[in-house]
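Participant:
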Amino acid sequence: MGIRPKIFLIYLALGVVPVLVLIYVSNLNSVDVVEAMLRDDLERDAAAIARDVEARQREQEASLVALARSTSLRDYVQQGGKQQPGTPAQASLLLSEGVTPDASAVDTVPGDVRADVSAFIKNKYYASVTCLSVGRQVLFRVEPDVHLTENSSPRYQTRDFLSNGNADERVWSVAERVPLRAPLAREPRGMIVRYTIPIFTAEEGASAQRGALVADMKVDALFSESAGSLIEPAGTGGRTADVALPPRIIVALDSKGTIIYHSNDALRYQPVSSAMPSFKVVADRMLQASDDGGGGWAFYDSTGSRWLAVYRRL
């Protein structure tokens, strides 16, 4: 009678306790392994998005350089925006919304210029393009059709401009045909990056004669193309069709902590501190990341769930 409890206690101490410890340690290791796998997966995704955004931006900058180099624009600017003899005008031009139709617009922008500019702006990455003359006067402004269908026509404006094009003043003295990038800015249609590039009428050089192009690139378009496949809801055929894969949220911030892109449209263009209070601890780390592609990861709690965030600097 007296020995059985001792045997049981010894068994409990030497048998059950080690098993419980083993299970506990195993669970901890399993959690660590899962977290490491998730972190590696997110780090790959973040790096891929960063590379893709930067590649798309470089590609669109190259397209802008090609447009500024086009013979049609260079000749048009050199002649002060006058219609060249023998250049047919098409009657399909439409002016920007809210602007009184300008009957002379059809005769103002040559067909070859419209062909080059329209092909450029239909690529959906630019919100507007403005052309300035050698005398720094706006010759025309063009925007894509809001519906952006295959048969839609860009809308041209040739008078009643509200500004001088907002060109970067450096464009009038820069020696090379390079896009000059301005800081991010909020426009009615969203967040944009404004580029200004010279249109040299002949040779390049600091004192060479030139007009200019001002082009507003849509930040949303860059991120939507790069991040779109990662935020599709389960069952839509994207990566997240696997129900075991947790949902993803893609967030991009500017240097002031404003949300310039969010996979939820309703949260864009707001301060992250007010739009996503629980995310602020991660946002602070994001803004402190080094400029050389630095990144990191952190956990945060939101709506009763634990989230893992991985970030990279662009």
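Going by the numbering used here, the first residue of the sequence shown is number 47, and it counts up by one from there. Don't be surprised by glycine CBs; every beta carbon is placed ideally from N, CA and C.
1) Report yes or no: do three or more beta-carbon pairs, one from the segment 164 to 172 and one from the segment 105 to 119, lie closer than 8 angstroms?
2) For residue 120 and residue 198, what's the separation of their Cα atoms in angstroms?
3) Using CA coordinates, which residue listed in 298, 247 and 175 is at the minimum distance from residue 240?
4) Give the single residue among 188, 317 and 82 whose Cα lies nearest to the Cα of residue 162.
5) In terms of residues, what are the limits of the beta strand (DSSP E) holding residue 203?
6) Please work out which residues of its chain come closer than 8 angstroms, Cβ to Cβ, to residue 273, disregarding the five sequence neighbours upstream and downstream, and give them in chain order.
7) What's the call for residue 302, buried or exposed, on a 16-neighbour Cβ count within 10 Å?
8) From the DSSP output, in three-state form, read off residue 96 for me.
9) For a quick check, are the C-beta atoms of residue 205 and residue 115 less than 9 angstroms apart?
10) What distance in whole Å lies between the Cβ atoms of residue 213 and residue 3, which are believed to be in contact at a cut-off of 8 angstroms?
11) Go ahead and pull the three-state DSSP assignment for residue 156.
12) On the criterion of 16 or more Cβ atoms from any shown chain inside 10 Å, does residue 83 qualify as buried, or is it exposed?
13) Count the other CB atoms within 10 Å of the CB of residue 235; is the residue buried (16 or more) or exposed (fewer)?
14) Buried or exposed: residue 99, going by 16 or more other Cβ atoms within 10 Å of its Cβ?
15) Can you check which of these residues, 192, 209 and 200, is closest to residue 184 by C-alpha distance?
16) Is residue 274 helix, strand or coil by DSSP?
17) Can residue 247 and residue 216 be called in contact, C-beta distance under 9 angstroms?
18) Of the residues 177, 346 and 318, which one's Cα is nearest the Cα of residue 126?
19) The beta strand (DSSP E) spanning residue 176 covers which residue range?
20) Let me make sure I understand the geometry here. Which of 157, 203 and 269 has the alpha-carbon closest to that of residue 101?
21) Could you check which residue in 329, 271, 312 and 181 has the C-alpha nearest to that of residue 354?
22) Suppose contacts are defined by Cβ-Cβ distances below 9 angstroms. Is residue 325 in contact with residue 351 by that definition?
23) How would you write the range of the alpha helix (DSSP H) that residue 329 sits in, first residue to last?
24) With respect to the alpha helix (DSSP H) encompassing residue 315, which residues constitute its N-terminal and C-terminal limits?
25) Between residue 85 and chain C, is there a C-beta pair that is closer than 9 angstroms?
26) With residue 356 and residue 92 assumed to form a contact (beta carbons below 8 angstroms), what rounded beta-carbon distance in angstroms separates them?
Facilitator: With the given structure in hand:
1) Yes: the two stretches touch, three or more of their Cβ pairs being nearer than 8 angstroms.
2) Along the sequence shown, read from residue 1 onward, the residue named residue 120 stands at position 74. Along the sequence shown, read from residue 1 onward, the residue named residue 198 stands at position 152. Straight-line measurement puts the Cα of residue 198 at about 26 angstroms from the Cα of residue 120.
3) The residue you call residue 240 lines up with position 194 of the sequence shown. Checked all of 298, 247 and 175; the closest Cα to residue 240 is 175.
4) Here residue 162 is taken as the residue at index 116 of the sequence shown, counted from 1. When each option's Cα is compared against that of residue 162, the closest is 188.
5) Sequence index remark: in the sequence shown, residue 203 carries index 157 (1-based). Residues 201 to 203.
6) Sequence index remark: in the sequence shown, residue 273 carries index 227 (1-based). For residue 273, same chain residues with a beta-carbon under 8 angstroms away, outside a window of 5 residues either side, are 95, 296, 307 and 309 in chain order.
7) As a working note, residue 302 is residue 256 in the sequence shown. The residue is exposed, with fewer than 16 neighbouring Cβ atoms inside 10 Å.
8) Residue mapping note: residue 96 aligns to position 50 of the sequence shown, counting from 1. Three-state DSSP puts residue 96 in a helix.
9) Within the sequence shown, residue 205 is the residue found at index 159, counting from 1. Within the sequence shown, residue 115 is the residue found at index 69, counting from 1. In this structure, residue 205 lies away from residue 115, with their beta-carbon atoms at least 9 angstroms apart.
10) This structure cannot settle anything about residue 3, because the visible part of the chain is limited to 47 through 360.
11) Residue 156 sits at position 110 when you count from the first residue of the sequence shown. Assigned with DSSP and collapsed to three states, residue 156 falls in coil, not helix or strand.
12) Numbered from its first residue, the sequence shown carries residue 83 at position 37. Taking a 10 Å sphere around the C-beta of residue 83, we find fewer than 16 other C-beta atoms and assign the residue as exposed.
13) Along the sequence shown, one-based indexing puts residue 235 at 189. Classification for residue 235: exposed.
14) Taking the first residue of the sequence shown as 1, we reach residue 99 at position 53. By the neighbour-count definition (other C-beta atoms within 10 Å, threshold 16), residue 99 is a buried residue.
15) Your numbering for residue 184 matches position 138 in the sequence shown. Per the Cα distances, 209.
16) As a first step, residue 274 is located in the sequence shown; it is residue number 228 there, counting from the start. Three-state DSSP puts residue 274 in a helix.
17) Your numbering for residue 247 matches position 201 in the sequence shown. Your numbering for residue 216 matches position 170 in the sequence shown. Against a cut-off of 9 angstroms, the Cβ pair of residue 216 and residue 247 comes out as no contact.
18) Taking the sequence shown and counting its residues from 1, one reaches residue 126 at position 80. Considering only alpha carbons, the answer is 177.
19) As a first step, residue 176 must be located in the sequence shown, where it is residue number 130. For residue 176, the enclosing beta strand (DSSP E) begins and ends at 172 to 178.
20) Counted from its first residue, the sequence shown places residue 101 at position 55. The residue with the shortest Cα to Cα distance from residue 101 is 269.
21) Indexing the sequence shown from 1 puts residue 354 at position 308. Closest in alpha carbon position to residue 354, among 329, 271, 312 and 181, is 329.
22) Position 279 of the sequence shown, counted from the first residue, corresponds to residue 325. Position 305 of the sequence shown, counted from the first residue, corresponds to residue 351. At a Cβ-Cβ threshold of 9 angstroms, residue 325 and residue 351 do not count as neighbours.
23) As a first step, residue 329 must be located in the sequence shown, where it is residue number 283. Start and end: 326 to 334.
24) On the sequence shown, residue 315 is found 269 positions in, with the first residue counted as 1. Careful: residue 315 lies outside any alpha helix (DSSP H) and carries neither H nor E.
25) Of the protein chains in the structure, only one exists, and it is not chain C.
26) One-based indexing of the sequence shown puts residue 356 at position 310. One-based indexing of the sequence shown puts residue 92 at position 46. About 5 angstroms separates the beta carbon of residue 356 from that of residue 92, a gap short enough to meet the 8 angstroms contact definition.
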